[in-house]
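Student:
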Amino acid sequence: MHPGVTHKASHRTIRETSQPSTSKSFHGLPPQPYSQGRPQQEPSPIEGPPPFEEHRPFTPPPLERSPSPVEDERQLHLHTQHSSDDEDEDIIEVRPRRRPDVPFFSTIFGPRRERDEMYGGRPFYQFDMELVEERERCSAACWKFNNAMNPSLGLSSVERSRLFKEILQPRDELNLAPINDTDVVGEQVSVEAPFHADYGYNIQIGSEVFIGRNCHISDSMSVSIGNRVYIGPNVSFHTTRLASDGSLREGVHSALYGSGITIGDNVYIEGNVTILAGVNIGHGTVIRAGSVVSAE
1 MHPGVTHKAS HRTIRETSQP STSKSFHGLP PQPYSQGRPQ QEPSPIEGPP PFEEHRPFTP
61 PPLERSPSPV EDERQLHLHT QHSSDDEDED IIEVRPRRRP DVPFFSTIFG PRRERDEMYG
121 GRPFYQFDME LVEERERCSA ACWKFNNAMN PSLGLSSVER SRLFKEILQP RDELNLAPIN
181 DTDVVGEQVS VEAPFHADYG YNIQIGSEVF IGRNCHISDS MSVSIGNRVY IGPNVSFHTT
241 RLASDGSLRE GVHSALYGSG ITIGDNVYIE GNVTILAGVN IGHGTVIRAG SVVSAE
């Protein structure tokens with residue numbers, strides 16, 4: 001072969017391939033654009049970064065300052081001074097210092113005193129201010145004794161005995177009762193907590209006595225417990241009763257009568273017993289559990 005012929009053929013081949021193609025597509029149809037027959041899709045906008053917002057830390061609202069005990073007392077005092085006459089009358093009606101309108105006769109000369117009426121076995125008004133203060137004093141003494149029985153406090157038996165005697169024989173001379181001028185608790189007395197009394201100073205306990213837990217003594221009159229008495233748990237002594245006259249029963253203004261309770265020596269009282277006013281239990285008596293003793 002001659003070199004020149006080959007060179008011309010090569011140029012012809014390159015020239016022919018550079019011309020646009022007139023060939024037909026498959027099935028003899030001309031090629032169609034790629035987008036023909038399809039819906040045109042508009043380009044979605046490119047979302048930029050969210051706008052920058054300045055960060056501010058959360059600040060809680062200011063707390064309301066609770067008033068101190070001194071402020072509470074001052075506000076209570078001011079409220080009491082500026083209260084209306086109607087409110088004052090309501091308070092006086094609930095806790096009056098005297099009850100002159102009670103329709104019964106008193107044999108005590110001079111100003112009427114509900115405490116003297118109570119000791120005398122006559123109808124008395126229990127919400128007299130003097131009697132209310134004495135019950136509050138006894139309630140505080142019972143609270144001290146009941147909490148002193150907590151073994152974690154480590155109080156000695158001597159200290160617990162002293163706290164129990166403060167229930168029955170208060171130090172305040174204004175609260176002393178005439179029936180408790182001597183020793184009110186004998187030797188070797190065991191009392192379990194909790195113990196509750198109304199006045200305390202009207203209770204006398206002999207020697208070698210056991211009193212179970214949750215004993216309640218309503219002692220508006222004398223409650224005398226003899227020697228070697230065993231009292232089970234949940235025993236109640238009630239020395240008061242409502243007046244039999246319906247005109248004297250007025251709810252919180254009702255008049256009460258008091259009658260003493262006497263427990264002889266060597267008496268055994270089982271649990272959940274209720275002993276009512278005016279009952280005398282003789283020597284060596286056994287009272288079964290759940291009994292209600294209303295007569296001798």
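The numbering of the sequence shown is UniProt numbering, which starts it at 1 and goes up by one. Every residue, glycine too, gets a C-beta built ideally from N, C-alpha and C.
Using 10 angstroms around the beta-carbon of P151, count the other beta-carbons present and answer buried if the total reaches 16, otherwise exposed.
Tutor: It counts as exposed.
Student: Taking 8 Å as the threshold (C-beta atoms), are E159 and A148 in contact?
Tutor: It is a contact, given that the beta carbons lie within the stated cut-off.
Student: Can you tell me which of the three DSSP states H283 falls into?
Tutor: Of the three classes helix, strand and coil, the one that applies to H283 here is coil, per DSSP.
Student: Quick one: give me the first and last residue of the beta strand (DSSP E) that F237 is part of.
Tutor: From DSSP, the beta strand (DSSP E) with F237 extends over 236-238.
Student: Ordered along the chain, which non-local residues of its own chain (more than five positions away) have a Cβ less than 6 Å from that of I211?
Tutor: For I211, where only same-chain residues beyond five positions count, the Cβ hits under 6 Å are V191, I231.
Student: What's the call for M118, buried or exposed, on a 16-neighbour Cβ count within 10 Å?
Tutor: Counting Cβ neighbours within 10 Å, M118 comes out buried, since at least 16 surround it.
Student: Can you tell me whether Y230 is helix, strand or coil according to DSSP?
Tutor: Three-state DSSP puts Y230 in a strand.
Student: CA-CA distance, H253 and S156?
Tutor: Cα-Cα distance, rounded: 43 Å.
Student: Rounded to whole angstroms, what's the CA-CA distance from N214 to A197? Just pull it up for me.
Tutor: Going by the C-alpha atoms only, they are around 10 Å apart.
Student: Here's a check: name, in chain order, each residue in its chain whose Cβ is nearer than 6 Å to the Cβ of A193, leaving out the five neighbours to either side.
Tutor: Result list for A193: N146, M149, in chain order.
Student: Just mark Q188 as buried or exposed, buried being the case when its beta carbon has 16 or more other beta carbons within 10 Å.
Tutor: Counting Cβ neighbours within 10 Å, Q188 comes out exposed, since fewer than 16 surround it.
Student: Only counting the same chain, and skipping five residues up and downstream in sequence, which positions put a Cβ closer than 6 Å to that of T262?
Tutor: If we look at T262 and ignore the five residues flanking it on each side, its Cβ neighbours are S224, N280.
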